[in-house]
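Reading through the structure tokens given below for one structure.
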Amino acid sequence: MASSFEKFQRRRLISSYFSVVLSIALVLFLLGVLGLLVLNSKKVADHFKEQIALTIYLKDEAKDVEIKQLEKSLALAEYTKSTRFVSKEEAAEEHSKEIGENFMDFLGYNPLQNSIDVYLKADFVDANRVKEIADELTAKDFVDEVNYDQPLISLLNDNIKKISLWIVIISGVFTLIAVLLINSAIRLSVYSKRFTIKTMQMVGATKGFIRRPFIWLSMKLGMVGAVIALAGMAAVLYYLNQTFPELELLADPVILAILFVSVFAASIVITWFSTFLATQRFLNLRTDELYY
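Numbering of the sequence shown is given in the working numbering, commencing with residue 45 and proceeding in unit increments.
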């Protein structure tokens, strides 16, 4: 009988520990993924900004030397991410593919122009800066027109500002929720030992002596949960890096290491603090109050 009861108690204890570890792991995993989002939000925003092209349409009488010089000056410009020369023949071929027929058969000539697509660095994708660059390029004699999507640039910058603000707000809310959820899991774990705590106190054990094993156990459970959460974060990071290599999520290992260490440290600090408060609460209760 005693052996069966001990096995039952051991199963309950393991189940309790498992619940605490799982709760901590899930909360820290969500917090860590949010941290990855916050750290890489600028990279994601910059990636979308750098997909916007500034198209320079060249006059038909533009000389090859002038075009080559323009390409070289654009390549050396501080605002240039990359450039691509598109001949009028290439443009016609691409346009024919889009509409599904060769429009030059009807017109008898190619009305399109040679052009250079300029992809700007993210810091220069701003309505005012792009206008300055466009005006500078339009002033050249052999440039017919500089075209870009001004409404898209303004809309993109406005949306990035709004999203960044919401990311900060959501990060704060999630951090608070993480602390509260881990605290609740720890309190429930300590609650099941409230009579043991009071018994130890009644036989003369000091509060520090009583708290010590509870705090150490919770910290160990927190560290186990953190390891599981970090493994999940690493898997998500690997998947995203394989799926979106252009974002270069692994380009800054120091920042990632700081994030992983911060998540691990957070598990220790939160579990220590939560266990301290939970045990302190039961240490301060009278014996008759333990039943409520």
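For every residue, glycine included, the Cβ atom is placed at its ideal position computed from N, Cα and C.
Straight-line CA distance for residue i to residue j?
| i | j | result |
| --- | --- | --- |
| D179 | N203 | 26 Å |
| L156 | F92 | 28 Å |
| G216 | Q245 | 38 Å |
| V77 | V280 | 8 Å |
| I241 | L327 | 7 Å |
| V88 | E122 | 21 Å |
| S63 | S233 | 9 Å |
| A295 | K251 | 48 Å |
| A309 | M263 | 10 Å |
| D185 | Q113 | 13 Å |
| D167 | I111 | 26 Å |
| V298 | F288 | 20 Å |
| E105 | E94 | 30 Å |
| L199 | K132 | 31 Å |
| Q324 | R238 | 11 Å |
| L120 | V109 | 17 Å |
| Y61 | N201 | 48 Å |
Which residues in the same chain have their Cβ closer than 6 Å to the Cβ of residue i, if we skip the five residues on either side of it in sequence?
| i | result |
| --- | --- |
| I272 | A69 |
| K103 | F186 and D188 |
| G79 | L303 |
Here's a check: name, in chain order, each residue in its chain whose Cβ is nearer than 7 Å to the Cβ of residue i, leaving out the five neighbours to either side.
| i | result |
| --- | --- |
| L196 | I96 |
| I337 | This structure gives no information on residue 337, because the portion of the chain shown stretches from 45 to 336. |
| E115 | T127, F129 and I160 |
| T219 | L75 |
Using 10 angstroms around the beta-carbon of residue i, count the other beta-carbons present and answer buried if the total reaches 16, otherwise exposed.
| i | result |
| --- | --- |
| M277 | buried |
| S159 | buried |
| G269 | buried |
| E128 | The identity of residue 128 in the sequence shown is Arg, whereas the question assumes Glu. Classification of R128: exposed, given that the 10 Å Cβ count is below 16. |
| L37 | Only positions 45 to 336 of the chain appear in this structure, which leaves residue 37 out of reach. |
| I254 | buried |
| K107 | exposed |
| K141 | exposed |
| Y282 | exposed |
| V65 | buried |
| G248 | exposed |
| L224 | exposed |
| L118 | buried |
| I207 | exposed |
| I213 | exposed |
Below 7 Å between beta carbons: does that hold for residue i and residue j?
| i | j | result |
| --- | --- | --- |
| Y339 | E189 | This structure leaves residue 339 out entirely; the chain is present only between 45 and 336. |
| S85 | A229 | no |
| L81 | V162 | no |
| V71 | I211 | no |
| L13 | L293 | Lying outside 45 to 336, the shown extent of the chain, residue 13 is not represented and no answer is given. |
| K125 | L164 | yes |
| S311 | G266 | yes |
| R231 | A322 | yes |
| L75 | A222 | yes |
Going by beta carbon distance, what residues of the same chain come within less than 8 Å of residue i, once the five residues before and after it are set aside?
| i | result |
| --- | --- |
| F73 | I272, A273, G276 and M277 |
| T343 | The question about residue 343 has no answer, for the chain in this structure spans 45 to 336. |
| V174 | L98, L164, F168, Y192, Q194 and I197 |
| E290 | H91 |
| R256 | none |
| Q286 | none |
Residue ranges of each beta strand (DSSP E) within the stretch 65 to 148, 3 or longer: Correct list: 97 to 102 and 124 to 130.
Whole alpha helix (DSSP H) elements within the stretch 246 to 318, 4-residue minimum: Listed in chain order, they are 251 to 287.
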